[in-house]
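Residue numbers (mature numbering (1 follows the signal peptide of the UniProt record, and there is no 0)): -20 to -1, 1 to 620.
Encoded structure:
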C-alpha cells in the first residue's frame, strides 16, 4: 500500500515537470471527496476538500463551479433547448413523415420528471481557507464572489458540504437506465471547479454537450450498499477489502461488517471522475503485455452466453489493439482502463467510459477519446470537432486494423495507418455524412460553440463527420505518412496541456514544412466547399494539355492521375500556392510536380509528354480523400 502511494506521488511530480508548457500556464486542482450514497432514496451527501492552485498571472476575485445535475429539472436550459429543437423538421422519412431535430435521448423527458426523479446538487456550505464564502446558484453554475482574492502563483483550499439527488437516466448520467438496466451511471455528479485559462473563466452552463476541466488529482471514497459493484475512473486502492475482482491474486477477501462498503479510488492527473454502480455487475479483468489492467463491468444475465461473449470480446479486443494504438497515437500513461456498462450510448471519461452495449466500434471510439480529449483536455465546447472528429478518425483506423488482423477481411495492412489511406479512403461514411450536411443547407462553421448550433443534426455531422474528414483530408494535403507523424508529434507536444486548433495547425506546419493556416481558415472558419472539375483537353506540339477548373471556393492541391492505353499511370501533382511546399510522393507511381496553382486563378493547365490518343482515363483525386462535393466532373473516360 505504501509503495503504491510513493509511485503515485512520483507520477504526479513527473506530470508537473515533464508536461510544463513554457508559454501556456495551467491551473491545478486536488480533490478529496467522501460520498455517502443511499440507494433507497437515490440521494447522497458529500464533503469536498479542493486544493486550488492559481498558476495564472491574474488575480482571481471569483471562482465558478459546475452543478451539472441541476440541468435535469423541468424548464431548465437543457429541457427548453431540447424542446425547441424538437420543433425543427430536418427531413422526411421514406413514408413522408416529418423527422424532427430531437436529441432522441432527451426529447421532452426532462419536462415530465417528478420531484423524486429530477436531479439536483445543493451546496450546503463553502469555505476558503476556513472562511465562509458568499455564493449564488444559477441553475448549473455556482458563482462564488471571494472574500479575499486568489493571488497569482498562490494556493487556496476550498471546503464544501453538498447533497445531491441522482436524476432518472436521461443524458449521460442518472439512475435506473431503461435501456441497460444499470442502476447508477455517475458522471457529472459532483460540484466541479470551472476552468480558468488564457481566455478567462469558462462557466459553460450544461445545456447540451461537451465539457472542459482542470487537470488534477482525485481521491474519492464512496460508501454504498455492499451488494453494489463499482467501476470507473482511477485505481481501487482498497481492493483487498472490497473484493469483486479488485483484490490481489490469492488474497482472501474479508469485507468489513455493516451494510455498506467504502470504495476508495485515486486518479492522478485527470480532469474529471466518473463512477458507476450496480448489484448485477460482472467484473472481467485482463492484463496487457505492458501491465495495463483492462476492466470490463457489465450487467450479467444468467444463461445469456451471447451477452457474456460480447463483453469478453470487448476485453480481449482492448488488449489486442493497445500496442497498435500506442505505436500510432502515443503511449497510454495510466495503468488501468475500464469499460463500464451504463450511460446512453457511449460517453468518455478519464481512464474509463460508459457504454450502453458491447459494441466493438463504440468501445474503440470511447477509448480513443483518451487520446483526443482525456489526455489533450481541449475545450471541447469550443472545439468539439477536435474531440469527436479526431476520435472518429482514429476509431475508423483502429477498427480497420482490428478487423483485418482478426478476420483477414479487407486490404492487407502493414501495421501502418498510411497503408490504408493511400490505397483507399476507409472514411467514406464520414465523407457521405459531410456531403449530406452540405446538401441540407444546415451547415455552420466549425467555430460554432457546441451548444450554439442551430440544430442537433448540424452539430452532430459537423463535429463527427466533418471533423473526421478534416483529418483524412489533411493526409491528402501533406501526405498520409506525414499526417501520421503529425499526430504523434501532437501527442508528444500537447498531451496534458489543453491545446487549441492553432496549436494543432502549428504542429502540422512544423512537421510537414508547409503553411497550413489556409486549411484552418477555409475548413474550420467557413462553410465554403471544394469542387474541382476537368474542363477540357487537347493536343499541342505532340503533348497533351488538360485544363482543370476550380468551381468551389476552397482551394486545394490536386492529384491528377493519368492512365494510358498500355496500362501505365502518371500523377500530375499540382501544389496549392498558399502551401508554400509540396507533399512527398505516397506511392511508386511516376509523378510530375507542377508549379503551384494560385488560388486567385479559376483554371490551370497541366501537360504530359504523351499523345492525346495514348490517354485512357483522367481522374482528379483518385484516392477520393479530397472532399469534393461534386465528383461527377472529376473523371474523364476516353474511348479512342
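Cβ atoms here follow ideal geometry from the backbone N, Cα and C, with glycine treated the same way. These numbers were taken from a predicted model, which means no experiment stands behind them.
Residue from the options whose Cα sits closest to the Cα of residue i
{"i": "residue 172", "options": "183, 387, 164, 285", "result": "183"}
{"i": "residue 612", "options": "605, 600, 620, 619", "result": "600"}
{"i": "residue 92", "options": "72, 123, 54", "result": "54"}
{"i": "residue 407", "options": "252, 446, 440, 356", "result": "446"}
{"i": "residue 555", "options": "531, 584, 546", "result": "584"}
{"i": "residue 286", "options": "337, 431, 258", "result": "337"}
{"i": "residue 492", "options": "577, 502, 454, 524", "result": "454"}
{"i": "residue 496", "options": "84, 463, 520", "result": "463"}
{"i": "residue 22", "options": "204, 430, 313", "result": "204"}
{"i": "residue 155", "options": "257, 272, 412, 485", "result": "257"}
{"i": "residue 354", "options": "243, 549, 505, 474", "result": "474"}
{"i": "residue 146", "options": "16, 547, 494, 466", "result": "16"}
{"i": "residue 480", "options": "365, 539, 548", "result": "365"}
{"i": "residue 339", "options": "72, 303, 298, 312", "result": "298"}
{"i": "residue 159", "options": "617, 323, 500, 136", "result": "323"}
{"i": "residue 320", "options": "327, 314, 310, 333", "result": "333"}
{"i": "residue 515", "options": "582, 433, 142", "result": "582"}
{"i": "residue 153", "options": "619, 610, 328", "result": "328"}
{"i": "residue 598", "options": "563, 539, 575", "result": "539"}
Contact check, residue i vs residue j, beta carbons under 7 Å
{"i": "residue 449", "j": "residue 378", "result": "no"}
{"i": "residue 458", "j": "residue 469", "result": "no"}
{"i": "residue 526", "j": "residue 586", "result": "yes"}
{"i": "residue 200", "j": "residue 331", "result": "no"}
{"i": "residue 197", "j": "residue 50", "result": "no"}
{"i": "residue 239", "j": "residue 134", "result": "no"}
{"i": "residue 596", "j": "residue 560", "result": "no"}
{"i": "residue 138", "j": "residue 30", "result": "yes"}
{"i": "residue 247", "j": "residue 213", "result": "yes"}
{"i": "residue 553", "j": "residue 530", "result": "no"}
{"i": "residue 77", "j": "residue 161", "result": "no"}
{"i": "residue 345", "j": "residue 375", "result": "yes"}
{"i": "residue 235", "j": "residue 273", "result": "no"}
{"i": "residue 130", "j": "residue 136", "result": "yes"}
{"i": "residue 140", "j": "residue 255", "result": "no"}
First through last residue of the alpha helix (DSSP H) which encompasses residue i
{"i": "residue 59", "result": "57 to 65"}
{"i": "residue 454", "result": "447 to 458"}
{"i": "residue 129", "result": "Taken as a continuous stretch (DSSP letters only), residue 129 belongs to no alpha helix (DSSP H), being part of the beta strand (DSSP E) at 121 to 130."}
{"i": "residue 220", "result": "219 to 222"}
{"i": "residue 417", "result": "408 to 420"}
{"i": "residue 334", "result": "No alpha helix (DSSP H) contains residue 334, which is instead part of the beta strand (DSSP E) from 332 to 335."}
{"i": "residue 307", "result": "285 to 309"}
{"i": "residue 142", "result": "Per DSSP, residue 142 belongs to no alpha helix (DSSP H); it is in the beta strand (DSSP E), 134 to 145."}
Span of the beta strand (DSSP E) around residue i
{"i": "residue 621", "result": "In this structure the chain extends from -20 to 620, so residue 621 is not present and cannot be described."}
{"i": "residue 244", "result": "240 to 250"}
{"i": "residue 166", "result": "164 to 166"}
{"i": "residue 193", "result": "No beta strand (DSSP E) contains residue 193, which DSSP labels as neither H nor E."}
{"i": "residue 549", "result": "549 to 554"}
{"i": "residue 117", "result": "115 to 118"}
{"i": "residue 515", "result": "512 to 520"}
{"i": "residue 80", "result": "78 to 80"}
{"i": "residue 31", "result": "23 to 34"}
Expected contact under 8 Å - CB spacing of residue i and residue j to nearest Å
{"i": "residue 168", "j": "residue 478", "result": "Not really, about 19 Å apart at Cβ, beyond 8 Å."}
{"i": "residue 245", "j": "residue 215", "result": "7 Å"}
{"i": "residue 551", "j": "residue 580", "result": "Not quite, the Cβ-Cβ distance comes to about 25 Å (not below 8 Å), so this is no contact."}
{"i": "residue 607", "j": "residue 414", "result": "6 Å"}
{"i": "residue 523", "j": "residue 593", "result": "Not quite, the Cβ-Cβ distance comes to about 12 Å (not below 8 Å), so this is no contact."}
{"i": "residue 517", "j": "residue 535", "result": "About 22 Å separates the two Cβ atoms, so there is no contact after all."}
{"i": "residue 86", "j": "residue 151", "result": "5 Å"}
{"i": "residue 18", "j": "residue 132", "result": "Wrong, their Cβ atoms sit about 42 Å apart, outside the cutoff."}
{"i": "residue 148", "j": "residue 97", "result": "4 Å"}
{"i": "residue 284", "j": "residue 361", "result": "Residue 284 to residue 361, Cβ: 39 Å. No contact."}
Cβ neighbours of residue i in the same chain (closer than 6 Å, five flanking residues each side left out)
{"i": "residue 604", "result": "405"}
{"i": "residue 259", "result": "207, 208"}
{"i": "residue 436", "result": "65, 81, 83"}
Nonlocal neighbours in the same chain, by C-beta distance under 8 Å from residue i, ignoring five residues either side
{"i": "residue 228", "result": "219, 220"}
{"i": "residue 292", "result": "264, 276"}
{"i": "residue 4", "result": "178, 477, 478"}
{"i": "residue 126", "result": "40, 41, 42, 43, 108, 113"}
Test: residue i CB closer than 7 Å to a CB of chain B
{"i": "residue 241", "result": "In the structure shown, chain B does not exist; there is a single protein chain."}
Own chain residues within Cβ distance below 7 Å of residue i, not counting five before or after
{"i": "residue 423", "result": "417, 438, 442, 507"}
{"i": "residue 195", "result": "6, 8, 249, 251, 357, 476"}
{"i": "residue 363", "result": "480, 481"}
{"i": "residue 390", "result": "Residue confidence is low: residue 390 scores 49 on pLDDT, short of 50, so the model does not pin down where it sits. Its coordinate-derived value is still stated next. 380, 383, 384."}
{"i": "residue 305", "result": "378"}
{"i": "residue 267", "result": "273"}
Closer than 6 Å: residue i CB and nearest the ligand FMN heavy atom
{"i": "residue 140", "result": "As for the ligand FMN, it is missing from this structure, which has no ligand bound."}
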